[in-house]
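Student: When we follow the working numbering, the leftmost residue of the sequence shown carries the number 114, and every step to the right adds one.
For every residue, glycine included, the Cβ atom is placed at its ideal position computed from N, Cα and C.
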Amino acid sequence: MTNRQILIPNSSPMPSFQSEPTFLYCVTRNKDSQLKILQINLARDEEAMNNLQQAVASHNFDVVVAQELLVRKNGIAGIPQKWDSCLSKNKKVAILLTNRSLRPIDLTAK
């Protein structure tokens, strides 16, 4: 696996996540990689959550590491049930497996 770098502009404020193109700020492009990972802060924004599914499909991401998700009583808002998800205890961070061929494993300390 090659080293990856998250591309976030240093000189401009974080995007508002109002539309799908804003996801491109967090996209890492590497033609040699076989695993595509999106790391993103969704700012608890409903529109950003709604655009997440479209962005994942457009860019063929396998894994999403998301901060500040929109969480409802019944789970994470705006994600399909077919995605495997692991939400942190404080409900601020989640790992989403969007590629069904990936199988999650649970690692716990003894």
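1. Buried or exposed, going by whether 16 or more other CB atoms sit within 10 Å of the CB of residue 168?
2. With distance defined between alpha-carbon atoms, name the residue in 214, 181, 204 nearest to residue 154.
3. Which same chain residues end up closer than 8 Å to residue 201 when comparing Cβ atoms and leaving out the 5 residues on each side of it in sequence?
4. Please name the residue in 218, 212, 219, 216 whose C-alpha comes closest to that of residue 150.
5. Does the Cβ of residue 192 have 16 or more other Cβ atoms within 10 Å, making it buried, or fewer, making it exposed?
6. Does the distance from the CB of residue 209 to the CB of residue 217 come in under 8 Å?
Tutor: From the atom records:
1. Residue 168 counts as buried, since no fewer than 16 other beta carbons sit within 10 angstroms of its beta carbon.
2. The residue with the shortest Cα to Cα distance from residue 154 is 181.
3. For residue 201, where only same-chain residues beyond five positions count, the Cβ hits under 8 Å are 207.
4. The option with the nearest alpha carbon to residue 150 is 212.
5. Around the beta carbon of residue 192, a 10 Å sphere encloses 16 or more other beta carbons of the protein chains shown; the residue is thus reported as buried.
6. Not closer than 8 Å, so no.
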